[in-house]
Structure formats: C-alpha cells, structure tokens
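Heads up: the structure comes next, in structure tokens.
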Amino acid sequence: MALSKPAEFLQGLVLTYLERLNSRPIRTKSITSCIIASLGNITLQNIAGAKMIDQDSVVAFGLFGLLFGGPVPHFFYESLESTFPENSSKMVFLKFGIERLLFTPFYQFLSLYVLSRFEGKSHEDTMKQIYAIYWPILKANWQIVSLIQFFNVKFVPPMLRVLFHNMVGFFWAMFITYKKRNDDFRRANIVK
C-alpha cells in the first residue's frame with residue numbers, strides 16, 4: 001500500500017531525524033531542544049492572552065534549549081547508561097532515583113538561573129526569583145513529572161531519552177513560563 005504525500009513526508013522527516021541523531025547527536029538534540037523550548041514558551045504566552053509575544057523570553061528559552069537543554073541531558077543520560085548499563089528492575093529504580101533526586105534539582109536550578117539571566121535580569125534579581133519559585137517548581141516537577149520520567153528511564157531507548165525529555169519539556173516550559181510571569185507580575189506590583 002502506498003503512503004500518502006503527508007505520510008511520506010513525515011516518514012522522511014523521522015528517518016532524517018534519526019540519521020542526524022545517530023551521526024550528530026549533540027547538535028540534533030540541541031536544535032530540537034531549542035525548537036521545543038521556544039514553542040512551549042510561545043504557546044503559553046498565546047494561551048495566557050499576551051497582546052505581544054515577549055521575544056526576550058522566547059529567545060531565552062530557545063538559547064537555553066540550544067546551549068543546555070540538548071547537551072546537559074545528553075551527557076547525563078549517556079553517563080547514567082554507561083555507569084549502570086543493566087536494565088534489571090533494581091537498576092531502573094536506581095537510574096530513576098538518580099534522575100529524580102540528583103539531576104532534577106540541579107537541572108531545575110540551572111534552567112531557572114540561566115533563563116532569568118538570558119532574559120536580562122541581574123544576578124541579584126535572578127536569585128530573588130529563584131528563591132521565590134524554585135521549591136514550588138521542583139515539588140511540582142517531582143509530583144507531576146516523576147511517573148513520566150519513570151516511563152522514560154524504563155521504556156524509552158537511550159538514544160531517544162533526550163527527545164522524550166524535551167517533549168515533556170514543552171509542557172514544562174509552559175509551566176515555568178507561567179510561574180516566572182506570575183512572579184515578575186507580583187514583583188512589579190510590589191514595587192508600585
């Protein structure tokens with residue numbers, strides 16, 4: 001049975017992506033993360049009814065994805081797999097625990113700090129915002145994303161874990177954008 005033109009295009013796109021993922025994994029994951037993070041930010045701004053898209057925020061999320069969102073999870077998952085290559089139930093739970101209890105707090109802090117700095121905030125303002133929103137965001141991540149990350153560690157092939165991580169990150173970028181915008185709005189009203 002012949003595929004339709006859209007199906008052929010999609011199949012070609014997937015095959016090209018997988019080839020690039022194999023030949024240039026960091027570049028491919030970085031570009032993918034850049035696109036997904038930017039789209040998550042734009043989507044939330046549209047849902048929130050922004051009259052104009054905050055381009056600084058979109059650029060910040062895109063840059064974060066490009067420079068950190070692809071490479072950092074790539075090296076983390078690669079290290080995790082090379083250190084614990086076995087996939088027994090015990091090892092899956094160990095990998096999951098390391099991802100949730102060590103990587104997630106670090107990565108969440110990194111993302112909040114870098115995003116804020118890329119948006120042009122000073123170190124002092126960035127740290128104030130992190131102080132206000134880090135713990136609620138980390139708790140929400142543990143509560144909401146843990147089951148999804150368990151699925152990622154247990155069932156997703158290592159080569160595709162960063163892509164899966166970034167697909168979840170699309171929605172997580174919307175949540176972070178929402179929390180950051182609320183905190184910015186609250187701070188702006190306190191100053192007035």
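So for the sequence shown, the UniProt record's numbering puts the first residue at 1; every next one is plus one. Virtual Cβ for every residue (Gly too), placed ideally from N, Cα, C.
**Study point:** For E86, the nearest candidate out of V153, I176 and W142 (CA to CA)
**Key:** Closest in C-alpha terms to E86, from the list V153, I176 and W142, comes V153.
Practice item. Assess, as a yes-or-no matter, whether the stretch 54-68 is touched by the stretch 37-44 under the definition of 3 or more beta carbon pairs within less than 8 Å. Key: Yes, since at least three Cβ pairs between the stretch 37-44 and the stretch 54-68 fall closer than 8 Å, the two stretches touch.
Exercise for review: May I ask you to report which of helix, strand or coil DSSP gives I47?
Suggested key: Reduced to three states, the DSSP call for I47 is helix.
Check your understanding: What residues in its chain sit with their C-beta under 7 Å from that of D54, if we drop five residues either side in the sequence?
Key -> For D54, where only same-chain residues beyond five positions count, the Cβ hits under 7 Å are Q45.
Check your understanding: Is the stretch 112-126 touching the stretch 161-168, taking contact as three or more C-beta pairs under 8 Å?
Key -> When Cβ pairs closer than 8 Å are counted between the two stretches, the stretch 112-126 is seen not to touch the stretch 161-168, the count staying below three.
Exercise for review: Pick out the complete alpha helix (DSSP H) segments inside the stretch 7-73, 4 residues or longer, and give them in chain order.
Suggested key: Segments of the alpha helix (DSSP H) lying fully in the stretch 7-73: 25-47 and 55-64.
Review point. From M52 to R181, what does the alpha carbon distance come to, in whole angstroms?
Key: Each residue's alpha carbon lies about 14 Å from the other.
Point to revise | Beta-carbon proximity check, Q108 vs L138, cutoff 8 Å | key: For Q108 and L138, yes; Cβs fall inside 8 Å.
Practice item. Give the DSSP-derived three-state secondary structure of E99 in the structure shown. Key: It is helical.
Review point. So what does DSSP say about N166, is it helix, strand or coil?
Key: Reduced to three states, the DSSP call for N166 is helix.
Exercise for review: On a CA-only basis, which of N189, V145, I133 and K29 is nearest L101? Give me that one, please.
Suggested key: When only C-alpha atoms are compared, the closest one is V145.
Check your understanding: Leaving out five residues before and five after N41 in sequence, what residues of the same chain have Cβ atoms less than 6 Å from its Cβ?
Key -> Answer for N41: S57, V58, F61, A173 and T177, listed in chain order.
Exercise for review: Can you grab the Cα-Cα spacing for the pair S23 / T104, in whole Å?
Suggested key: The C-alpha of T104 is placed about 28 Å away from the C-alpha of S23.
Review point. For P71 versus I133, is the C-beta distance shorter than 8 Å?
Key: Taking 8 Å as the Cβ cut-off, P71 and I133 do not qualify as a contacting pair.
Exercise for review: Can you have a look at P73 and say buried or exposed, based on whether 16 or more other CB atoms are within 10 angstroms of its CB?
Suggested key: Classification of P73: buried, given that the 10 Å Cβ count is 16 or more.
Review point. Is S30 buried or exposed, if buried means 16 or more other CB atoms sit within 10 Å of its CB?
Key: With at least 16 other beta carbons inside 10 angstroms of its own, S30 counts as buried.
Review point. So what's E86 in DSSP terms, helix, strand or just coil?
Key: DSSP places E86 in the coil class of the three-state scheme, outside both helix and strand.
**Study point:** Three-state class that DSSP yields for S146 in the structure shown
**Key:** Correct three-state label for S146: helix.
Point to revise | Distance between A7 and F96 (C-alpha atoms, nearest Å) | key: Those two C-alpha atoms are separated by around 35 Å.
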